[in-house]
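Colleague: Pasting in a structure now, in structure tokens, and then I'll have a few things to ask.
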Amino acid sequence: MKENSFANSEFMDFVYSVHENMVKNDIMLIYEGEVNQDITKTFTTLTQKNLEESEANLPIKKRVYHVMVECLQNIGKHSDNAESGLPEIPGTGIFMVSRSPEGYYVITGNPVANSRIDEIAEMIETVNKMDKEEIKAYYKKKILESRISEKGGAGLGFIDIVKKTGNKIEFHFQKINDIASFFVMKTYIN
Numbered sequence: 013m014k015e016n017s018f019a020n021s022e023f024m025d026f027v028y029s030v031h032e033n034m035v036k037n038d039i040m041l042i043y044e045g046e047v048n049q050d051i052t053k054t055f056t057t058l059t060q061k062n063l064e065e066s067e068a069n070l071p072i073k074k075r076v077y078h079v080m081v082e083c084l085q086n087i088g089k090h091s092d093n094a095e096s097g098l099p100e101i102p103g104t105g106i107f108m109v110s111r112s113p114e115g116y117y118v119i120t121g122n123p124v125a126n127s128r129i130d131e132i133a134e135m136i137e138t139v140n141k142m143d144k145e146e147i148k149a150y151y152k153k154k155i156l157e158s159r160i161s162e163k164g165g166a167g168l169g170f171i172d173i174v175k176k177t178g179n180k181i182e183f184h185f186q187k188i189n190d191i192a193s194f195f196v197m198k199t200y201i202n
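For any residue, its number in my numbering is found by taking its place in the sequence shown, counting from 1, and adding 12.
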């Protein structure tokens with residue numbers, strides 16, 4: 013039997029490598045592409061089903077769900093694809109949910125304009141420095157101020173994530189070109 017040349021390609025090695033890494037890192041869900049309301053609904057339903065089958069307790073399941081929705085909405089609202097040189101599809105990014113022995117990780121990535129890096133980093137660093145009571149007070153203050161940005165956000169996303177998880181947000185900016193970077197955010201829920 014003649015072997016298919018496609019099966020010997022680098023791409024097949026890549027596919028297997030992705031599979032190995034997903035198993036090794038216990039990734040429940042991974043997606044790259046446009047994030048809109050329909051995608052958000054599909055992933056929340058799928059993840060909710062996976063969480064129901066897991067042995068995690070109900071409060072953890074609820075926090076994973078909440079953080080996941082917030083992260084997907086952030087990608088949908090705040091991706092800067094035109095500036096990145098990537099296809100001009102609004103809300104494009106990557107989204108992952110993985111398990112660890114003690115909890116879950118929600119990891120996202122999306123292009124952002126380099127001009128926004130300092131603002132985003134400062135928002136996350138500010139919230140990461142706060143204790144539980146400071147976060148509650150800051151959240152209330154931001155709700156009362158509630159200025160909606162051009163992209164439809166009120167600046168509550170990072171605050172809400174840290175408030176719900178009780179953990180700091182890890183983040184990194186990987187330069188794409190002179191005008192855009194890829195913003196990666198990792199949240200831990202336990």
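Just so you know, even glycine gets a beta-carbon here, dropped at the ideal spot from N, CA and C.
1) On the criterion of 16 or more Cβ atoms from any shown chain inside 10 Å, does G45 qualify as buried, or is it exposed?
2) Leaving out five residues before and five after E64 in sequence, what residues of the same chain have Cβ atoms less than 7 Å from its Cβ?
3) On the three-state DSSP scale, how would you describe S110?
4) Identify which residue in R75, T52 and Y28 has its Cα closest to the Cα of G105.
5) List the residues that DSSP assigns as beta-bridge partners of N122.
6) With 16 as the cutoff for other CB atoms within 10 Å, does L156 come out buried or exposed?
7) Pick from G115, C83 and S29: whose alpha carbon is nearest that of G121?
8) Which value, in whole angstroms, describes the spacing of the CA atoms of N140 and M80?
9) Tell me the residue span of the beta strand (DSSP E) that contains G45.
10) Under a three-way DSSP split, which group does G105 fall into?
Modeller: According to the data block:
1) Exposed is the label assigned to G45, since fewer than 16 other Cβ atoms lie within 10 Å of its Cβ.
2) Cβ neighbours of E64 within its own chain (closer than 7 Å, five residues either side excluded): none.
3) If DSSP states are grouped into helix, strand and coil, S110 belongs with the strands.
4) The shortest C-alpha to C-alpha distance from G105 to any of R75, T52 and Y28 is the one to T52.
5) According to DSSP, which records beta bridges pairwise, N122 is partnered with F195.
6) So L156 ends up on the exposed side.
7) Of the candidates G115, C83 and S29, the one whose C-alpha sits nearest the C-alpha of G121 is C83.
8) The alpha-carbon separation between N140 and M80 amounts to approximately 19 Å.
9) Per DSSP, G45 is one residue of the beta strand (DSSP E) stretching across I39 to E46.
10) Assignment of G105 by DSSP, reduced to helix, strand and coil, places it in the strand class.
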